[in-house]
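Order-wise, the sequence lines are chains U and A. Going by the numbering used here, the first residue of the first sequence is number 5, and it counts up by one from there. Going by the numbering used here, the first residue of the second sequence is number 20, and it counts up by one from there. Built from N, CA and C at the ideal position, the CB exists for glycine as well. Okay, so here's the structure we're looking at.
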Amino acid sequence: IQMTQSPSSLSASLGDRLTITCRASENIRTSLNWYQQRPGKAPRLLLYEASRLQTGVPSRFSGSGSGTDFTLTISGLQPDDFATYYCQESYSTSSFGGGTKVDIK
Amino acid sequence: QLQLQESGPGLVRPSESLSLTCTVSGDSTRSRSYYWGWIRQPPGKGLEWIANIYYNGNTYYNPSLKSRVTLSVDTSKNQFSLNVSSVTAADTGVYYCTRVPYSSSSQYGIDVWGQGTMVTVSS
């Protein structure tokens, strides 16, 4: 299964609401995870099963979608949110998207 | 507190084998509640799933790496290991060991990551 994220990068300001899209090459139901990775650090799980918030993750992160199209939304961008975000399908071969780098405008 | 710690050589020669071990503390590799696995990340690039292993030794491999990868688990030492044979420069990167919750009714993400270990393939 191929996972395609868009955009590959974006610039945003503190307080912005932003949306990242992930598309699967075939139906993966809701078997979709989102991760955040800061430079030099291991990734951190944000959401699983497309929309379920991992324990300890702020509620400004939300996810939606099913089948082949998914979105990650960050409502009210905070300084810690400037990072790279990855989607991953857990339906078949655990493929990752190429990542979306969020930097400061 | 649960921790995963990778260990192994930081430099491997081309055509040789790469071997890494992950030591688990604060949990047990005997647990039926988790898969244990490996993810890698080439410098400046994205994440690639390598493989997972269950407590009973059942393994699940990335099809693109399956012919060169072997996972094993040593429950007596609370460790699991990765071996990648016939390495090339394309195998250079940070290798993370991971934990994935298992459920027959839900699909979970990787909830625990090691800090990662850099492996360079070079002569």
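Separation of Arg32 (chain A) from Glu67 (chain A), as counted between CA atoms: Numbered from its first residue, the second sequence carries residue 67 (chain A) at position 48. Numbered from its first residue, the second sequence carries residue 32 (chain A) at position 13. Going by the C-alpha atoms only, they are around 21 Å apart.
Note to self: So the candidates are A:Ser122, A:Trp132, A:Ser44 and A:Ile58; which of them puts its Cα closest to the Cα of Asn81 (chain A)?
What the structure shows: Mapped onto the second sequence, residue 81 (chain A) falls at position 62. If we check each option's Cα against that of Asn81 (chain A), A:Ile58 comes out closest.
**OP:** Could you have a look at Asp46 (chain A) and say whether DSSP puts it in helix, strand or coil?
**Re:** Position 27 of the second sequence, counted from the start, is the residue given in the question as residue 46 (chain A). DSSP places Asp46 (chain A) in coil when its eight states are reduced to three.
Just to confirm the assignment, what range does the beta strand (DSSP E) spanning Asp93 (chain A) have? Along the second sequence, one-based indexing puts residue 93 (chain A) at 74. Asp93 (chain A): member of the beta strand (DSSP E) spanning Val88 to Asp93, first to last residue.
Check your understanding: What does Glu67 (chain A) touch in chain U if you count any residue whose Cβ is under 9 Å from its own?
Key -> Indexing the second sequence from 1 puts residue 67 (chain A) at position 48. Result: Ser99 and Phe100.
Could you say which of U:Ile108, U:Tyr95 and U:Ser66 lies nearest to Glu30 (chain U) if we only look at CA atoms?
-> In the first sequence, residue 30 (chain U) corresponds to position 26, counting from 1. Checking every option, the nearest Cα to that of Glu30 (chain U) belongs to U:Tyr95.
Tell me whether Gly19 (chain U) is buried or exposed, calling it buried when 16 or more other Cβ atoms sit within 10 Å of its Cβ.
-> Start at 1 with the first residue of the first sequence, and residue 19 (chain U) comes out as number 15. Exposed: under 16 other Cβ atoms inside 10 Å.
Could you check whether the Cβ of Ser94 (chain U) sits closer than 8 Å to any Cβ belonging to chain A?
Position 90 of the first sequence, counted from the first residue, corresponds to residue 94 (chain U). With 8 Å as the cut-off, Ser94 (chain U) counts as an interface residue toward chain A.
message: Is there a C-beta anywhere in chain U that falls below 8 Å from the one on Ser125 (chain A)?
response: Start at 1 with the first residue of the second sequence, and residue 125 (chain A) comes out as number 106. With 8 Å as the cut-off, Ser125 (chain A) counts as an interface residue toward chain U.
(message) Short of 7 Å Cβ to Cβ, which residues in the segment 64 to 80 of chain U face chain A?
(response) none
Checklist line | Ordered list of beta strand (DSSP E) runs contained in the segment 14 to 79 of chain U, each at least 3 residues | finding: Within the segment 14 to 79 of chain U, the complete beta strand (DSSP E) runs of at least 3 residues are 21 to 28, 36 to 41, 48 to 52, 65 to 70 and 73 to 79.
By the three-class DSSP mapping on this structure, what secondary structure does Ala109 (chain A) have?
Here the question's residue 109 (chain A) lines up with position 90 in the second sequence. Helix, per DSSP.
Is there a Cβ of chain U sitting closer than 8 Å to that of Asp130 (chain A), yes or no? Start at 1 with the first residue of the second sequence, and residue 130 (chain A) comes out as number 111. By this cut-off, Asp130 (chain A) is an interface position.
Roughly how many angstroms separate the alpha carbons of Gln92 (chain U) and Trp55 (chain A), rounded to a whole number?
Position 88 of the first sequence, counted from the start, is the residue given in the question as residue 92 (chain U). Position 36 of the second sequence, counted from the start, is the residue given in the question as residue 55 (chain A). When rounded, the distance between both Cα atoms is 17 Å.
Margin query: So, under 8 Å CB-CB, Thr72 (chain U) and Arg27 (chain U) are touching, yes? Tell me the CB distance rounded to an integer number of Å.
Written below: As a first step, residue 72 (chain U) must be located in the first sequence, where it is residue number 68. As a first step, residue 27 (chain U) must be located in the first sequence, where it is residue number 23. Between Arg27 (chain U) and Thr72 (chain U) the Cβ distance is about 6 Å, and since that is below 8 Å, they are a contact.
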